[in-house]
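Chemist:
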Amino acid sequence: MTEGFTVATNFTTGEVPLNDLESNFRSMSLRELSFEAAQIAELTSENEPDELTEELQNYLRDATAAKVDGYCLFVDYLKGEIEAWKLKRSALDEMCDRIIFAKEAQLKALKENILRLHAQGLIDYNLKGKDKAIEIRLNSKPTIEVLGNPENLPKQYRTAKWVADKEAIAADHIAGVDVSGFANVSFGKQVRFKNAPRNKKEKKS
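Sequential numbering from 1 applies to the sequence shown in the UniProt record's numbering.
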């Protein structure tokens with residue numbers, strides 16, 4: 001048996017039957033497979049690979065490929081679940097929005113009706129019930145309707161908002177412009193799941 005290998009061994013002989021190696025590898029996580037591959041790579045760098053080592057490498061490659069396929073299939077499943085729940089959420093949000101809109105319209109109509117009765121002189125500023133009361137009063141802030149173009153207002157009545165153009169900064173950085181004086185630029189990493197590239201032999205077959 002190749003020294004340094006960590007898969008489960010037969011406690012009587014201290015060796016792993018070859019027909020059990022493949023199933024042992026397939027039961028491992030991607031992390032465990034990567035660790036085993038690193039160990040075998042270290043062994044082959046020190047010694048000429050024997051038949052058993054080559055067999056282990058083949059089993060590892062197959063198990064790792066199956067694990068990668070499994071990851072990608074699970075990702076496809078998760079994406080499908082996410083889209084399905086987004087649709088459910090969208091439908092639920094639309095229903096909730098309709099209900100909220102209807103209730104808010106009812107509340108607004110009720111308040112407008114009370115204000116209309118007050119404007120007509122039919123009710124006073126205060127209406128008292130047994131436990132509750134309705135009070136009509138001025139809002140704390142006035143409603144302002146600007147006449148004409150806001151750009152023509154005096155300076156004290158105008159405000160300017162400055163917004164950083166991050167897309168322009170990113171474009172200049174990619175183009176080689178030094179922007180380090182006023183921006184920290186970093187590139188995050190992403191994980192992509194895609195179809196494995198096929199070699200020429202597979203394409204011909």
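For every residue, glycine included, the Cβ atom is placed at its ideal position computed from N, Cα and C.
Values in this document were obtained by computation on a predicted structure and should not be read as measured data.
What are the start and end residues of the alpha helix (DSSP H) that includes residue 167?
Modeler: Along the sequence shown, read from residue 1 onward, the residue named residue 167 stands at position 167. Taken as a continuous stretch (DSSP letters only), the alpha helix (DSSP H) holding residue 167 covers 166 to 174.
Chemist: Below 8 angstroms between beta carbons: does that hold for residue 33 and residue 53?
Modeler: Working through the sequence shown from its first residue, we reach residue 33 at position 33. Working through the sequence shown from its first residue, we reach residue 53 at position 53. No, they are not a contact pair.
Chemist: Between which residues of its own chain and residue 37 is the CB-CB distance below 6 angstroms, once the five residues before and five after are set aside?
Modeler: Within the sequence shown, the letter at position 37 stands for residue 37. Cβ within range, chain order: 60.
Chemist: Check this for me: beta carbons of residue 112 and residue 126, under 8 angstroms apart or not?
Modeler: On the sequence shown, residue 112 is found 112 positions in, with the first residue counted as 1. On the sequence shown, residue 126 is found 126 positions in, with the first residue counted as 1. Not a contact, by the Cβ cut-off of 8 angstroms.
Chemist: Report the rounded CA-to-CA distance for residue 80 versus residue 74, giving the unit in angstroms.
Modeler: The residue labelled residue 80 in the question sits at position 80 within the sequence shown. The residue labelled residue 74 in the question sits at position 74 within the sequence shown. Those two C-alpha atoms are separated by around 10 angstroms.
Chemist: Start and end of the beta strand (DSSP E) containing residue 135?
Modeler: As a first step, residue 135 is located in the sequence shown; it is residue number 135 there, counting from the start. Start and end: 133 to 135.
Chemist: On a Cα-Cα basis, can you pick out the residue from 39, 180, 30 that is closest to residue 72?
Modeler: Position 72 of the sequence shown, counting from 1, holds the residue named residue 72. Closest by alpha carbon: 30.
Chemist: Ordered along the chain, which non-local residues of its own chain (more than five positions away) have a Cβ less than 8 angstroms from that of residue 207?
Modeler: Only positions 1 to 205 of the chain appear in this structure, which leaves residue 207 out of reach.
Chemist: Quick one: what's got a C-beta closer than 8 angstroms to residue 172's C-beta in the same chain, skipping five residues either side?
Modeler: By one-based count along the sequence shown, residue 172 stands at place 172. Correct list, in chain order: 179.
Chemist: Would you report the Cα separation of residue 123 and residue 92, rounded to the nearest angstrom?
Modeler: If you number the sequence shown from 1, residue 123 lands on position 123. If you number the sequence shown from 1, residue 92 lands on position 92. Distance between the alpha carbons of residue 123 and residue 92: 41 angstroms.
Chemist: Strictly by DSSP, which residues pair up with residue 127?
Modeler: Mapped onto the sequence shown, residue 127 falls at position 127. Its beta-bridge partners are 134.
Chemist: Just the Cα atoms here: how many angstroms apart are residue 86 and residue 144?
Modeler: Against the sequence shown, residue 86 aligns to sequence position 86. Against the sequence shown, residue 144 aligns to sequence position 144. Whole-angstrom Cα-Cα distance: 40 angstroms.
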